[in-house]
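K.L.:
Terminal number for the sequence shown in the working numbering: 696, no gaps in between. Structure in structure tokens, see below.
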Amino acid sequence: MLFLTALPDPSRLHPLIVHLPIGLILFVGVLEVLRHRKPVYKEAVGLALSLAAAGALLSCLSGWGLSQEPGYGGEALEWHRWLGIATAVAMAGGLAAWQIGQVWSERLYQALLATAVVLVGATGHFGGVMTHGADFLFPGPAGKGPGLQYNLTEASFFEGYIQPLLDQKCVSCHKPSKKKGGLDLSSFSAIQAGGESGALWGQGKEDLIMARIHLPLQDEAHMPPEGKLQLEEKEIALLKWWVEAGACSSCTAAEMEATAEVKPHLEELLAPNPYAFANALPALSEDAAAQIEALGFQAEQVADGLPLLRVSAARDSSLGEQQLEALSAWGEHIIGLDLSWTPFRELAGLSRFPNLEKLQLQGTPVSDADLAGLPPLPRLSSLNLYQTRITDQGLEALSKQPGLEKVYLWSTAVTAEGRSKAQALAPDVSWVLDPARSLFGKGKLNPPVVHTASTLFTERAVAVLTSNLKGAEACIQQLPDTAWRCLPVGDSVVLHRSTVVRALLQKEGWERSDTIVARFVKAGATVKQAVLLDEPSGKYGANGARSLTDLVKGGNTFTDGNWLGYEGQHFTTVLELDEATEVHTLTLSALSNPSSWIFFPSGARVWSSMDGEQYTKAGEVRWPARDIEVAGSEMGYFDVKIAPVRAKFIRLEVLSPLKNPDWHPGRGGKSWIFVDEALVNTDTGQRSL
């Protein structure tokens, strides 16, 4: 009986079962084609047809049961239901006709099979509409999105930001045709109605919608569910702000008092949108890039959902007016045009590209006379005329371009005097004559990259500092030493003790890079075995106690299989050393990710023993708790320094904060600690980072 109660509801298996008949029906179609060429396939047709008919029937039964659950309904469900039943009937009829084995029944079987193939496609389409939305299989033009189709200084914040956000990340499961939990988020009136758990806000100290969002990702009630597109930090902040401001359907952002938390996000949203003009443009066809490339150009879309293009014909010596005329079919969509090192000089034809922002003409035969024919392009901000035939006389025409910001003129006949005159005519334009000084300046180097097999080691660690910049030097400092030493990029550094390494890159004529920091930890004592006295919570058991001593460092993701996780509890481990050793420090590796309710440990206690039976307390340490909100993932090392003690066994208790802090959205809830290494060190010179 216990076994039976543990089985899932058969109707819930519909998404799993339904794929079986789909594949089998299509497989029968393939076999039907093959058997007319090789009769040997005839026996396989009968078996596959029987399985397909049975699978279609099971899909109908499980689907009917699932449709009775709350949250499903609408026109798409009805189409999906009855088309599925029609598919099962067609397969059952086809099986019966096949078994009769007459000439007329053979034709009937083939007709029913062809009908079933068509029906299974239509049924799948409406299944996709239910689960993913009406435009999943046949997407239409890009939908409205915050900051693009709406002017958020004028439109209501709900219409311009909240509803598009819900459409993108929530409505696939909460819509009229699929109301998970009885909740529809596709309109303001539906949102106000709430779901099976009641209203989404106004029910207590934390609104239901925010409480579900702030639950740990692994919690079944977390929304959106694990595996779905999650809300970003700024989206959560803006949604919370809108709810706490009264969840008004018509209020603009300016009418709601901005908090310190959302001000930077609002400034980003309310900034003038340079691509607002794209709202009036028709959507690009899916094969637009392919059609443009067929004309001899390279094309890329500026961003998903944005019907704007950058196009290049660079170094095409055969480029002609006919190609550009054909390209003008997408003229309004093109904001970047690279015609460098081509024979192009007919600038008057660029009037067909009214939204150009960046035009590259370097290496073309463009002259002063050609520049005089350049039409007004109100969005043109960058023009590259490097190594063209223009002189001082050609700049006057450019000064009349309304939005021009930069013109690159090096390796032309333009003089400093000519540039000064142009600057007087158009003071807001940067007329660049010397690229080395005016364009690039003194560049700042990127930091070096530290390559090492592991930052945890027992004997020694080898670190190699690399960079793509030839001739650069990597300078390093090993704390607690204060001296820096520089070596050629690519040389290795051998580390024999626990240390914090600081490194930067330098090269003559360049500004030094920022300093990077890496910590290396040496396990001075070898652990023979580790034993966990407290079992990890849930599925976060990694490799058991071995995870504490295998020197395999966990990553920034707590689900990577290397972390031991404990929910709302401390944990204790016993480390047995290979031999009795004088111990000075234990180093613990831990993870913090407050948005998933994971916090660094609050402290640790250590006991030592020679026989594993009688333990003496060797030390205790407390680490300060975070008193500010931190959302991102972070790894850290924590040292437990003790008075030197000789020991064969070490018992380590890692203390958890147990509960989320008051500043946390899920304040008071059980918090987690995640650890992956506990190293016993005999090195007295190590430093904390």
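C-beta atoms are modelled at their ideal positions from N, C-alpha and C, and glycine is treated no differently.
Would you kindly work out how many angstroms separate the C-alpha atoms of residue 411 and residue 676, rounded to a whole number?
P.N.:
C-alpha separation (whole angstroms): 56 Å.
K.L.:
Closer than 8 Å is the cut-off here; do at least three beta carbon pairs connect the region 540 to 553 with the region 571 to 579?
P.N.:
These segments touch.
K.L.:
Using beta-carbon positions only, say whether residue 63 and residue 34 come within less than 8 Å of one another.
P.N.:
No.
K.L.:
Kindly list the residues whose CB is nearer than 6 Å to the CB of residue 40, restricted to its own chain and excluding five residues on each side of it in sequence; keep chain order.
P.N.:
Cβ neighbours of residue 40 beyond the five flanking positions: none.
K.L.:
Are the beta-carbon atoms of residue 346 and residue 310 separated by less than 8 Å?
P.N.:
Not closer than 8 Å, so no.
K.L.:
The beta strand (DSSP E) that contains residue 597, what's its start and end?
P.N.:
Per DSSP, residue 597 belongs to the beta strand (DSSP E) from 578 to 599.
K.L.:
Pairing CB atoms from the region 458 to 472 with CB atoms from the region 424 to 441, are three or more of them under 8 Å?
P.N.:
Cβ pair count under 8 Å is below three, so no.
K.L.:
Got a sec? Which residues, its chain only, sit under 8 Å from residue 381 by beta carbon, not counting five neighbours each side?
P.N.:
If we look at residue 381 and ignore the five residues flanking it on each side, its Cβ neighbours are 354, 355, 357, 404, 405, 408.
K.L.:
By DSSP, does residue 85 sit in helix, in strand, or in coil?
P.N.:
The answer is helix: DSSP assigns residue 85 an H, G or I state.
K.L.:
Within the same chain, show all residues whose beta-carbon is closer than 7 Å to that of residue 501, passing over the 5 residues directly before and after it, in chain order.
P.N.:
Answer for residue 501: 467, 469, listed in chain order.
K.L.:
Report the rounded CA-to-CA distance for residue 25 versus residue 65, giving the unit in angstroms.
P.N.:
Roughly 8 Å between the two C-alpha positions.
K.L.:
For residue 609, which residues from the same chain have a beta carbon less than 7 Å from its beta carbon, with the 5 sequence-adjacent residues on both sides left out?
P.N.:
These residues qualify, in order along the chain: 629, 630, 632, 662, 663, 664.
K.L.:
Between the Cα of residue 368 and the Cα atoms of 591, 505, 601, 348, which residue gives the shortest distance?
P.N.:
Of the listed residues, the one whose Cα sits closest to residue 368 is 348.
K.L.:
Below 8 Å between beta carbons: does that hold for residue 452 and residue 505?
P.N.:
Not closer than 8 Å, so no.
K.L.:
What is the rounded straight-line gap between the Cα of residue 679 and the Cα of residue 229?
P.N.:
Distance between the alpha carbons of residue 679 and residue 229: 16 Å.
K.L.:
Look at the Cβ atom of residue 463, then the Cβ atom of residue 530, and state whether they are nearer than 8 Å.
P.N.:
Closer than 8 Å, so yes.
K.L.:
For residue 253, is the classification buried or exposed, using 16 other Cβ atoms within 10 angstroms of its Cβ as the cut-off for buried?
P.N.:
When all chains shown are included, residue 253 counts as exposed.
K.L.:
Residue 458 lies in the alpha helix (DSSP H); which residues open and close that run?
P.N.:
Element bounds for residue 458: not the alpha helix (DSSP H) but the beta strand (DSSP E), 456 to 459.
K.L.:
Take residue 626 and list the residues in its own chain whose beta-carbon comes closer than 8 Å to its own, dropping the five residues that flank it on each side.
P.N.:
Excluding residues within five positions, the ones whose Cβ falls inside 8 Å are 612, 613, 647, 648, 649, 650.
K.L.:
As an exercise, report each continuous beta strand (DSSP E) stretch of at least 3 residues that is fully enclosed by the region 222 to 264, in chain order.
P.N.:
With a minimum length of 3 residues, no continuous beta strand (DSSP E) run stays inside the region 222 to 264.
K.L.:
Does DSSP put residue 493 in a helix, a strand or coil?
P.N.:
Of the three classes helix, strand and coil, the one that applies to residue 493 here is strand, per DSSP.
K.L.:
What three-state label does DSSP hand residue 642 in the structure shown?
P.N.:
Residue 642: strand per DSSP, three-state reduction.
K.L.:
Look up residue 181 in the DSSP assignment and give the residues it is bridged to.
P.N.:
According to DSSP, which records beta bridges pairwise, residue 181 is partnered with 186.
K.L.:
If I follow the unbroken beta strand (DSSP E) through residue 537, where does it start and stop?
P.N.:
Taken as a continuous stretch (DSSP letters only), the beta strand (DSSP E) holding residue 537 covers 534 to 539.
K.L.:
Leaving out the 5 sequence neighbours to the left and right, which residues in its chain are closer than 8 Å to residue 303 when beta-carbon positions are compared?
P.N.:
Contacts found: 320, 323, 325, 326, 330.
K.L.:
Is any non-hydrogen atom of the ligand FAD found closer than 7 Å to the C-beta of residue 468, if you look at the structure I gave you?
P.N.:
The ligand content of the structure shown is nil, which means the ligand FAD is not present either.
K.L.:
Using a Cβ-Cβ cutoff of less than 7 Å, which residues in the same chain neighbour residue 269 once the five nearest sequence positions on both sides are dropped?
P.N.:
So the qualifying residues of the chain are 244, 245, 248.
K.L.:
Near residue 528, which residues of its chain fall below 7 Å by C-beta distance, leaving aside the five closest residues on each side in sequence?
P.N.:
Excluding sequence neighbours, residue 528 sits near 462, 463, 505, 594, 644, 686.
K.L.:
Can you tell me whether residue 586 is buried or exposed? The criterion is at least 16 other CB atoms within 10 Å of its CB, across all chains shown.
P.N.:
Exposed.
K.L.:
Identify, in the order they occur along the chain, each residue of the same chain with its Cβ nearer than 7 Å to the Cβ of residue 53, setting aside the five sequence neighbours on each side.
P.N.:
Excluding residues within five positions, the ones whose Cβ falls inside 7 Å are 105.
K.L.:
Assuming residue 426 is part of the alpha helix (DSSP H), what are its boundary residues?
P.N.:
Here the alpha helix (DSSP H) through residue 426 covers 423 to 432.
K.L.:
Apart from the five residues on each side of it in sequence, which residues of its chain come closer than 6 Å, Cβ to Cβ, to residue 296?
P.N.:
Excluding residues within five positions, the ones whose Cβ falls inside 6 Å are 306.
K.L.:
Going by the beta-carbon positions, is the gap between residue 314 and residue 336 smaller than 8 Å?
P.N.:
Contact: no.
K.L.:
Which term fits residue 14, buried or exposed, when burial requires 16 or more other beta carbons within 10 angstroms of its beta carbon?
P.N.:
With a pLDDT of only 47 at residue 14, under 50, the local geometry of the prediction cannot be trusted, and no value is derived from it.
K.L.:
Just the C-alpha distance for residue 57 and residue 183, rounded to the nearest angstrom, thanks.
P.N.:
Approximately 36 Å, taken between the alpha carbons.
K.L.:
Counting C-beta neighbours from all protein chains within 10 Å, is the total for residue 671 16 or more, i.e. buried, or is it exposed?
P.N.:
Under this definition residue 671 is a buried residue.
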